[in-house]
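Before any comments, here is the structure.
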Amino acid sequence: MKSSNSVGKIYNYLNEQSARRQFLQTASTAAASTVLFPLVASAEITVPEQSTAYEFPTDWGLTYNYENDAARVRNHMVTATGLAKGADRMEDFGKNLKKEMIDFVSYYRRFPQVAGKPSFSTLYTSINVLAGHYTSYGYKYPLPEKRRKRLYQEYAEIEKSLKRSR
Numbered sequence: 000m001k002s003s004n005s006v007g008k009i010y011n012y013l014n015e016q017s018a019r020r021q022f023l024q025t026a027s028t029a030a031a032s033t034v035l036f037p038l039v040a041s042a043e044i045t046v047p048e049q050s051t052a053y054e055f056p057t058d059w060g061l062t063y064n065y066e067n068d069a070a071r072v073r074n075h076m077v078t079a080t081g082l083a084k085g086a087d088r089m090e091d092f093g094k095n096l097k098k099e100m101i102d103f104v105s106y107y108r109r110f111p112q113v114a115g116k117p118s119f120s121t122l123y124t125s126i127n128v129l130a131g132h133y134t135s136y137g138y139k140y141p142l143p144e145k146r147r148k149r150l151y152q153e154y155a156e157i158e159k160s161l162k163r164s165r
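For the sequence shown, numbering that gives the first Met the number 0 begins at 0 and goes up steadily by one.
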C-alpha cells in the first residue's frame, strides 16, 4: 500500500499536468486568433447588402501594369462579392473574373519584386477564396455572409497597400 506522501505527490503531479494542458490550449487559441485576423479591424468594414443590379464590365484582361491590374482585379472581385442570386449575367461575370484572376496570378507571381508586395499576397489570398467558391459552388451561387465579410476586409487592406505602392 502506498503512503499518503506518495498519493499527495501523484495528486500534485496530475494537477500540474492539467494546468499545463489548459495553459497550452488557451495560448494556442489566442495565437490562432491573432494569426487569422491581424490586420484590419472588423469595425472599419461595412458589408454592403447583396444586389442584383450592377454594370457588367467591359475592361477584362491585363494591361501588364501591376498597379492598374491589381486595382482592376480587386474592383471586379468587389463587384462579384456583392452579387445576389439571380443577378443578370452572373455566370458570365464569374467565368470572366475567374479567367482574369488566374491570368493575374500566373503572370505576376513570376516577378519577385511584385510577389513580395503585401498587396499581391493579400490579393492572392482573396483570389484563392473567390476561385475556390466558384469551383465548389459554381458561378450562380452568391457568397455566404461570413466569407463576404472576410473578403471585404481583405479588399480594404489591398486598397490601402495599393495607395502606398506596396
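Even glycine gets a Cβ: it sits at the ideal position worked out from N, Cα and C. The model shown is predicted, which means the values in this text are computed figures rather than measured ones.
Which of helix, strand or coil DSSP assigns to residue i
i           : result
residue 142 : coil
residue 50  : strand
residue 82  : strand
residue 150 : helix
residue 161 : helix
residue 65  : helix
residue 34  : Residue confidence is low: residue 34 scores 47 on pLDDT, short of 50, so the model does not pin down where it sits. No coordinate-derived value is stated.
residue 9   : helix
Sub-8 Å separation of residue i and residue j beta-carbons
i           : j           : result
residue 133 : residue 86  : no
residue 123 : residue 61  : no
residue 119 : residue 88  : no
residue 153 : residue 125 : yes
residue 161 : residue 90  : no
residue 108 : residue 128 : no
residue 75  : residue 99  : yes
N-terminal and C-terminal residue of the alpha helix (DSSP H) that residue i is part of
i           : result
residue 103 : 89-107
residue 122 : 117-136
residue 111 : 111-114
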